[in-house]
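Data block below; observations after.
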Amino acid sequence: MATASSSLQGSSSEPPQLHTRWKAPIMSVGGWPEVVEETVARVSKEQGFTESRLPPFTEEEIDLIRGTYDFFAMNHYTSRLVRTKEPDEDVVVSLFTYIPDADLVLDSDPSWTYGYSEAMPIYPQGIREQMEWIRDQYGDVDIFITENGYSSGGSNLDDDARIAFIRSYLEEVLLALQEGINVIGYTYWSLMDNFEWTGGYGYADKAFDLFRRVYWTKYGLYEVDFTDPHRKRTPRKSARYYADLIRNRSLYIPPAHQINRF
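Here the sequence shown stands for residues 834 to 1095, where the numbers follow our numbering.
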């Protein structure tokens, strides 16, 4: 079972099921959550469709899919505050294109900080809250955190903020383990900078240097020089921190300012 996920805080039980967790029940019970079916059907009707835009599963498909997973693979980057939208309120379409179907308004706490991406507020407790929700919904399933990462921009080899991100999120993973949650693995995203979604190589308009964006989104422990035809790779300070963390099997290694790059 795999799902991209962010933890959500809201006043009803619907927002968590209607955001990134809407796919999770498919592999365990063989179908959509009831609240998802009802909400998409209602929104579809309001949009003038004669039937729901959410395709139903057949009984044969449900029998084929139900229970066919080995572990819960979870990508976690951020957390959001959510509320159900008001009747006449417009929902802004974002990276999560199904948000209008969910009738949700996403927000963040003013006290939360950010990396380079304004879409990814930092709330370390969220990764543990997400796993607690999974346990409460699906029992003691094995959870593998397949992606968790910090966005930065520009050339920043001394990336202390990324180190703080990794440490704070893994502290929450450790607390989850101490609670008895079956976390079987963790993979940081990513080993090296990549061609990142709509950020790409960072050029907003190659025809106009004035609008040429040189600080593209980067997640890597290793910096990649995309102007170099050989794509030179250079380890950031976070690469050394992460290597030391793995080697010592401990979060409690020297503070960021005492860590040197390779």
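C-beta atoms are modelled at their ideal positions from N, C-alpha and C, and glycine is treated no differently.
Residue i burial status per 10 Å Cβ neighbour count (16 or more: buried)
{"i": "Q880", "result": "exposed"}
{"i": "A906", "result": "buried"}
{"i": "L990", "result": "exposed"}
{"i": "Y1048", "result": "Because Y1048 sits at a pLDDT of 44, beneath the cut-off of 50, its placement in the model cannot be relied upon, and the following sentence gives the value as read from the coordinates. So Y1048 ends up on the exposed side."}
{"i": "H1063", "result": "exposed"}
{"i": "E867", "result": "exposed"}
{"i": "N981", "result": "buried"}
{"i": "I1079", "result": "exposed"}
Cα-Cα separation between residue i and residue j, rounded to whole angstroms
{"i": "F890", "j": "E870", "result": "11 angstroms"}
{"i": "G864", "j": "E892", "result": "9 angstroms"}
{"i": "V974", "j": "S984", "result": "29 angstroms"}
{"i": "G987", "j": "D1026", "result": "11 angstroms"}
{"i": "L1024", "j": "F998", "result": "15 angstroms"}
{"i": "T1050", "j": "K878", "result": "39 angstroms"}
{"i": "K1039", "j": "F1059", "result": "Because the pLDDT at K1039 is just 42, under 50, the model does not fix this residue reliably, and the value given afterwards should be weighed accordingly. The straight-line gap from Cα to Cα measures roughly 15 angstroms."}
{"i": "R913", "j": "Y947", "result": "12 angstroms"}
{"i": "I976", "j": "S1001", "result": "19 angstroms"}
{"i": "P957", "j": "E884", "result": "40 angstroms"}
{"i": "S950", "j": "W1022", "result": "14 angstroms"}
{"i": "L939", "j": "V915", "result": "5 angstroms"}
Distance between beta carbons of residue j and residue i, contact taken as under 8 angstroms
{"i": "D934", "j": "T1020", "result": "Actually they are not in contact, since the Cβ atoms of D934 and T1020 sit about 30 angstroms apart, beyond 8 angstroms."}
{"i": "S1071", "j": "I996", "result": "5 angstroms"}
{"i": "R1069", "j": "D992", "result": "5 angstroms"}
{"i": "I1017", "j": "F904", "result": "6 angstroms"}
{"i": "M860", "j": "T911", "result": "That belief does not hold up - the Cβ atoms of M860 and T911 are roughly 24 angstroms apart, past 8 angstroms."}
Please confirm if the stretch 915-922 is in contact with the stretch 890-903, defined as three or more CB-CB distances below 8 angstroms between the two stretches. no
Would the stretch 948-967 count as touching the stretch 1003-1012 if we require 3 or more Cβ pairs under 8 angstroms? yes
If you scan the stretch 883-924 from start to end, which runs of the alpha helix (DSSP H) of 4 or more residues do you find wholly inside it? 892-898
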